[in-house]
Structure formats: structure tokens, C-alpha cells
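Undergrad:
Residue numbers (our numbering): 927 to 1080.
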């Protein structure tokens, strides 16, 4: 039996996070939901997601910093951000300077567009034969190594 793709949904707006999880579960994905960057890092260590779908602007630990921490111990986790906040471009540029090329979709995102993009990001790396390595989460370490967080299609 094929294992379902596990997606961690992170948004500080509970209604948004819950709605996204329902849409993803309806499409056959296994989901877990958290409401802050801090919760996302902790939940990722136990849930072991294949994919992170996160808002960016979420208080103390923003979505980009949370994703970087998660990628330290789940390096094969795919990442896609959704944001309605105009400051996401600055945070995206800071992440890019650290070697992370994250994709951001503007809120509101039509469900069909979101599902299509998630499918594309997941399928772009299915030929990767390297086994998944799970590491222990770091204690709020910041990463500055080159990591391919998502792939883009034309």
C-alpha cells in the first residue's frame, strides 16, 4: 500500500489552517495543523511531514524561520508558503541570502491553484532515490547552507 503524503499546515488564523487541512484531506493527504512557527517546529519533529504549507507572518517565529529550522532535521521536506502580508518579500529575500529559495503564493489562493502547486512541488522530486534522513531538531539553530526547498515549473 502506498503511503500518503504528510502535510504540516501552519497558519496563525485557525479557520484558515483548518480549512486548508480539510481541503488537503479531501484530496487524500494526511495532515497535521499548528498555529505558530514554534508549534510547527515541535510538531514537525513528531509528525515527520513530507511537505510544509505555511503562512509567513505569525508572531515571534515567522514561517520562513520555522521552515529553515524544520529543514535542518527534515532536509527532504518540501516547502510552500502562502501569505497575504506585504512584508513577505523582505523575509523571502533574507532566506534567499541564506541559500533557501522558497516559493510564496499570495492569499487568497484558490483551492484548485493551491492543490495543483502542491502536486507539482511534490512530483518534481519523486525521482530522488536518496533515502530520507531524519535528524534530531536543533535548539533554535539557524541554517545557512544551500538547500533546495522547492522546485519551480514553468
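Virtual Cβ for every residue (Gly too), placed ideally from N, Cα, C.
For the beta strand (DSSP E) that contains residue 987, what are its first and last residues?
TA: Sequence index remark: in the chain shown, residue 987 carries index 61 (1-based). Per DSSP, residue 987 belongs to no beta strand (DSSP E) and is neither H nor E.
Undergrad: Please determine, among 1049, 1004, 1050, the residue with the shortest C-alpha to C-alpha distance to residue 1030.
TA: Indexing the chain shown from 1 puts residue 1030 at position 104. Nearest C-alpha to residue 1030: 1004.
Undergrad: Helix, strand or coil: which one does DSSP assign to residue 962?
TA: As a first step, residue 962 is located in the chain shown; it is residue number 36 there, counting from the start. Reduced to three states, the DSSP call for residue 962 is coil.
Undergrad: Within its chain, find whatever has a CB closer than 8 Å to the CB of residue 956; leave out the 5 residues flanking it on each side and keep chain order.
TA: Taking the first residue of the chain shown as position 1, residue 956 is located at position 30. So the list reads 930, 931, 932, 933, once near-sequence residues are dropped.
Undergrad: In the region 995–1045, which residue ranges form an unbroken alpha helix (DSSP H) of at least 4 residues, counting only runs that do not cross its ends?
TA: Whole alpha helix (DSSP H) segments, 4+ residues: 1014–1023.
Undergrad: Within a Cβ cutoff of 8 Å, which residues of the same chain sit near residue 935, ignoring the five residues on either side of it in sequence?
TA: Locating residue 935 in the chain shown gives position 9, where the first residue counts as 1. These residues qualify, in order along the chain: 943, 946, 947, 950, 957, 958, 959, 960, 979, 980.
Undergrad: Assuming the contact rule is C-beta atoms closer than 8 Å, residue 992 and residue 963 should be a hit. Round their C-beta distance to whole Å, please.
TA: Looking up residue 992 in the chain shown gives position 66. Looking up residue 963 in the chain shown gives position 37. Right, the Cβ-Cβ distance comes to about 3 Å (below 8 Å), so this counts as a contact.
Undergrad: On the DSSP letters alone, give me the boundaries of the alpha helix (DSSP H) that residue 982 sits inside.
TA: On the chain shown, position 56 is the one that residue 982 refers to. First-last for residue 982: undefined, no H or E at that position.
Undergrad: Out of 1039, 1044, 1010, point me to the one whose CA is closest to residue 984's CA.
TA: Numbered from its first residue, the chain shown carries residue 984 at position 58. Looking at the Cα atoms, 1010 is the closest of the given residues.
Undergrad: Could you give the DSSP three-state label for residue 957: helix, strand or coil?
TA: Position 31 of the chain shown holds residue 957. Here residue 957 sits in strand by DSSP.
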